[in-house]
Every structure is written in structure tokens, then in C-alpha cells.
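Here the structure comes first, spelled out in C-alpha cells, and everything after it is commentary.
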Amino acid sequence: MHVATDEPVLLAPTLLGGQSFRFRAIGDAFAGVVEGDLWTLATAPGGLAWTSARRRGRARLARYLGLDGSYPAALERLSQDPVLAPVVARHAGLRVLRQEPWETLVAFVTSANNHVPRIEGILARLAEAAGEPRDDGEVPYHAFPDADAVARLGERRLVSLGFGYRAPYVRATARAVARGDCDLEALREASCGEAREALLALPGVGPKVADCVALFGLGHGEAFPVDRWIARAVADRFFEAGEAPRDLKAFALARWGSDAGLAQQFLFHAARVEGAHGRRAPGASRLASSAAP
DNA sequence: CCACGGCCTGATTC
DNA sequence: AGAATCAGGCCGT
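For the first sequence, the working numbering assigns the number -15 to the initial residue and increments by one for each residue that follows.
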């Protein structure tokens, strides 16, 4: 199937850049499980080529990637920022995904003090252990397990899947969501601040994780997750040494408003591939050295 | 309110 | 080779 779009879409940094953890590159295409179905995506002339067993896949894909026509205007607004403009120009097509809230919540509780490749492995094993098996194409796969299924696994099993010391957090959070103590769907309609506060009440969810869930899972575009990369990128790009404010979220909201989340994604991606301050990003040397015998 | 140490785990680094 | 270091933080003190 094919979806036409004249909007820029950069699949690789969008799907593999640390927002979602269940996509992998297969040649020039990307395969991943979204909303319980296996998808393959690739850039194609005039748009995207995609496959999925799901009916009405085009609409779901458009929603997931945010192909609603609003992106060019957002790029235009961010490009008014003289500091951000060159970053936006270099990576136009990088998008904020609209993922399922529950999966996003588990993923980012898992992300705390952790590496992306390890997060991917943990979530893959979780899906295999507790997610509904599917076999509607060439390769079988597993849907992401719902909160009840995760809670049922138990703490020890979660540890064995690799969650480590986060296992009790994941289980307690799963229980809270499964019982309805935390209604994630309702938080989509709530304000970003209300959503953030509700998420912060969950074990294993601090400020950074709450903002990631608000942004990537609940569609709150003003959420501005501050991690060490963003803290350094903002300090380096927008302030003289030692003059960065304590509250970077307030800075971001004042500067970019409801585009703060997208701005964050550009800054994060730029920091990782370009390195902050012109320094090489970790991984650059690894790739170089691993090429040698 | 704020600063600080500890933490599963495993890939990478030294 | 075997020991540190580090990773998109969070929690408890």
C-alpha cells in the first residue's frame, strides 16, 4: 500500500530515535508492532509504502505518524527561532509519534538509567512473555501486553525479563492502570499539567518519564522531557556558560508553547547525531572502531 | 525544597 | 582478560 504525502517524513530517526522501542530496520524499510499489528514502513516516491494486516491501516498510520497536515506549520513556527532553525532545517521530517499510552508508560519507566538497545530487548521479551501471539503474515509476533497481563506476570518474572530494579515499579504501575486508579485514556483529554501530575503518582514515574508519556503517548505537544541530553543541549545552545535557568521546562514552554515537545525532539536528535557543542556523540567512535579488524 | 547516593544489567571501555 | 564506567532517572534519606 502507499500513502501520499507532500510533508517531509524521516522514518529512521522518528522510529528508531528513542521514542518507540519496537521498530527495527530491515534494509531500507522498518518493521514494528503498533497497536497490536505488525507494520512495515518505507519511504517511497511521493509518500510512504506500508504493509499491515490491519484494516483501515492508512488512517491508523496517518494518526501514528501525525500525518494530519499540521506538521509543516509547526516546522515553520519552530524555524522562527533563530537558534533552532538550523537544527530544524537539517532534520526536517523528524516527527513526534502518537503511541499507545500504556506501552509508552512501560517503555519509559524501563528507560530510567538504561540503554536504548537494552530497553528494546526487555520490551521484546515482555511482549513475547505476556503479549497476545499473532500470526497473520510471514512472521509471527506478539502484541504488547495490556496492564492486567503485565501485572499478572509478577515481580520475579519481570526481573527475569530484564527489568531489574524497575520490576516492582512496573508491576505496581501495571496494577494501578489495570484497576483504573490511573485512567490513561482520560489523561488524553486532560490538560498536560493534569496528566503529568497523575502520571507522577505512579511508581517509577518521575518528571522526565511523565513528560515522555505525556508527549509520546498522550499527544500533549507542550510536554518537554528534560533528560541529560536536553539539559546539555539547551544550556549549550541557548545560554552562556553557567547561565542556564534551573527550570528548563518553563523556558521551553515560554519559548515554543505547544511546539515544545517537537522542539525537544529536534534538540535530542541533534545532540545525539551531531553531538552537543560539536563534540562527537557517543557511538560515533564505536562505529568507527568496530569497522576495523 | 534540595542535595546526594544507590541501583539491575550488560555493552563498551580501559 | 577482568574491572570500571555508563545509560534519555527515580526513590529514599
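Just so it is clear, CB atoms sit at the ideal spot from N, CA and C, and this is done for glycine as well.
Quiz item: Tell me which same chain residues have a C-beta within less than 8 Å of the C-beta of GLU19, skipping the five on either side of it?
Solution: Taking the first residue of the first sequence as position 1, residue 19 is located at position 35. The residues are ARG38, ARG44, TYR48 and GLU84.
Practice problem: Ignore the nearest five residues each way along the sequence and tell me which others in GLY1's own chain have a CB closer than 6 Å to its CB. | Solution: Start at 1 with the first residue of the first sequence, and residue 1 comes out as number 17. Closer than 6 Å at the Cβ level, and outside the excluded window around GLY1, lie HIS253.
Quiz item: What did DSSP end up calling ALA15 once you bin it into helix, strand or coil?
Solution: On the first sequence, residue 15 is found 31 positions in, with the first residue counted as 1. It is a strand residue.
Quiz prompt | Straight-line gap, ALA182 to VAL143 (C-alpha atoms, nearest Å) | solution = In the first sequence, counting from the first residue as 1, residue 182 sits at position 198. In the first sequence, counting from the first residue as 1, residue 143 sits at position 159. C-alpha separation (whole angstroms): 26 Å.
Quiz prompt | beta strand (DSSP E) segments (min. 3 residues) lying fully within the segment 32 to 110 | solution = none
Quiz item: Over what stretch of residues does the beta strand (DSSP E) that includes VAL210 continue unbroken?
Solution: Numbered from 1 along the first sequence, position 226 holds the residue referred to as residue 210. Unbroken run through VAL210: none, as it is neither H nor E.
Self-check item: Beta-bridge pairing of PRO117 - partner residues as DSSP gives them
Solution: What you label residue 117 is simply residue 133 of the first sequence in a count that begins at 1. DSSP lists HIS126 as partners of PRO117.
Quiz item: Taking the alpha carbon of ALA198 as the point to measure from, which residue in PRO129, VAL67 and ALA170 has its own alpha carbon closest?
Solution: Along the first sequence, one-based indexing puts residue 198 at 214. Residue ALA170 is the option with its Cα nearest to ALA198.
Quiz prompt | Between the CA atoms of ARG136 and GLY245 - distance to the nearest angstrom | solution = Position 261 of the first sequence holds residue 245. Position 152 of the first sequence holds residue 136. GLY245 and ARG136: Cα-Cα distance of roughly 34 Å.
Quiz item: I think ILE106 touches LEU145, with their Cβ atoms under 8 Å apart; what is that distance to the nearest whole Å?
Solution: Your numbering for residue 106 matches position 122 in the first sequence. Your numbering for residue 145 matches position 161 in the first sequence. Indeed they touch by this definition, with Cβ atoms about 6 Å apart.
Quiz item: When burial is assigned at 16 or more other CB atoms within 10 Å of the CB, is PRO(-3) buried or exposed?
Solution: Reading the first sequence from its first residue, position 13 is the one you call residue -3. Buried: at least 16 other Cβ atoms inside 10 Å.
Self-check item: Closest residue to ASP(-10) among PHE5, SER54, PHE92 and GLU173 (Cα-Cα distance)
Solution: Here residue -10 is taken as the residue at index 6 of the first sequence, counted from 1. The shortest C-alpha separation from ASP(-10) is found at SER54.
Quiz item: Are three or more beta carbon pairs between the segment 2 to 22 and the segment 111 to 127 nearer than 8 Å?
Solution: yes
Quiz item: If we call anything under 8 Å between Cβ atoms a contact, is ARG150 one with GLY188?
Solution: Residue numbering aside, residue 150 sits at position 166 when the first sequence is read from its first letter. Residue numbering aside, residue 188 sits at position 204 when the first sequence is read from its first letter. Taking 8 Å as the Cβ cut-off, ARG150 and GLY188 qualify as a contacting pair.
Exercise. Please name the residue, chosen from ALA160, ALA73 and VAL(-7), that lies closest to LEU89 on a Cα-to-Cα basis.
Key: Residue numbering aside, residue 89 sits at position 105 when the first sequence is read from its first letter. Checking every option, the nearest Cα to that of LEU89 belongs to ALA160.
Quiz item: Candidates GLY11, VAL17, ASP12 and ARG155: which alpha carbon is nearest PHE5's?
Solution: In the first sequence, counting from the first residue as 1, residue 5 sits at position 21. Minimum Cα distance to PHE5 is reached at VAL17.
Exercise. Go to LEU25, then tell me how far its beta strand (DSSP E) extends in each direction, as first and last residue.
Key: Residue 25 sits at position 41 when you count from the first residue of the first sequence. From DSSP, the beta strand (DSSP E) with LEU25 extends over 21 to 28.
Quiz prompt | Range of the contiguous beta strand (DSSP E) that encloses VAL(-13) | solution = Your numbering for residue -13 matches position 3 in the first sequence. That run of the beta strand (DSSP E) goes -14 to -12.
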